[in-house]
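Trainee: The working numbering puts the first residue of the sequence shown at 2, with every later residue one more than the last.
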Amino acid sequence: MDNQGYEVSDAAIAALTNMSAQMTELAGAIHDAVESLKQTFEENRAGLGPHTASIEKLLEELADVEEDASNPVKILVLKLTRAALIRKRSLTDDPYSLGTGGRSR
2 MDNQGYEVSD AAIAALTNMS AQMTELAGAI HDAVESLKQT FEENRAGLGP
52 HTASIEKLLE ELADVEEDAS NPVKILVLKL TRAALIRKRS LTDDPYSLGT
102 GGRSR
């Protein structure tokens, strides 16, 4: 397999895997924070006075932005995972072995 100019090492694979995990964790934390804000708003709605509608609208917009951003994050996580798997395969494949079509199995 041609490495196409990218580094193929255990460290590079670990870095890609780590970035993928961090993106997943960060997206989850953002989602949890938005949900917590919405819950806090609902619990205190009666005491917010004349600003209740404005705050509610902002929270709805925030939730929409978080939802819209979740798909690109999922795509990035998949791409990082795929890149790590491709590099791992590059380290484990044996292009010089006979009888396996160039791949160790």
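Every residue gets a Cβ at the ideal spot worked out from N, C-alpha and C, and that includes glycine.
1) Would you check if there are 3 or more beta carbon pairs closer than 8 Å linking the stretch 10-24 to the stretch 70-81?
2) What separation, rounded to the nearest whole angstrom, lies between the Cα atoms of residue 105 and residue 94?
3) So residue 74 and residue 28 are supposed to be a Cβ contact under 8 Å. How far apart are they, rounded?
4) If we call anything under 8 Å between Cβ atoms a contact, is residue 64 one with residue 89?
5) Is it right to say residue 17 is buried, meaning 16 or more other beta carbons lie within 10 angstroms of its own, or is it exposed?
6) Is residue 57 closer than 8 Å to residue 31 when the C-beta atoms are compared?
Mentor: In terms of the structure at hand:
1) A contact exists between the stretch 10-24 and the stretch 70-81.
2) Translated into the one-based positions of the sequence shown, residue 105 becomes position 104. Translated into the one-based positions of the sequence shown, residue 94 becomes position 93. Bear in mind that a pLDDT of 48 at residue 105, under 50, signals an unreliable position, so the number given afterwards is only what the model happens to contain. When the Cα atoms are used, residue 105 and residue 94 turn out to be separated by approximately 5 Å.
3) On the sequence shown, residue 74 is found 73 positions in, with the first residue counted as 1. On the sequence shown, residue 28 is found 27 positions in, with the first residue counted as 1. Their Cβ separation, rounded to whole angstroms, is 5 Å, which keeps residue 74 and residue 28 in contact under 8 Å.
4) Taking the first residue of the sequence shown as position 1, residue 64 is located at position 63. Taking the first residue of the sequence shown as position 1, residue 89 is located at position 88. No; because the gap between Cβ atoms is not below 8 Å, this pair is not in contact.
5) Counted from its first residue, the sequence shown places residue 17 at position 16. Under a 10 Å Cβ-count criterion, residue 17 is classified as buried, with 16 or more other Cβ atoms of the shown protein chains found around its own Cβ.
6) What you label residue 31 is simply residue 30 of the sequence shown in a count that begins at 1. What you label residue 57 is simply residue 56 of the sequence shown in a count that begins at 1. No, the Cβ-Cβ distance between residue 31 and residue 57 is not below 8 Å.
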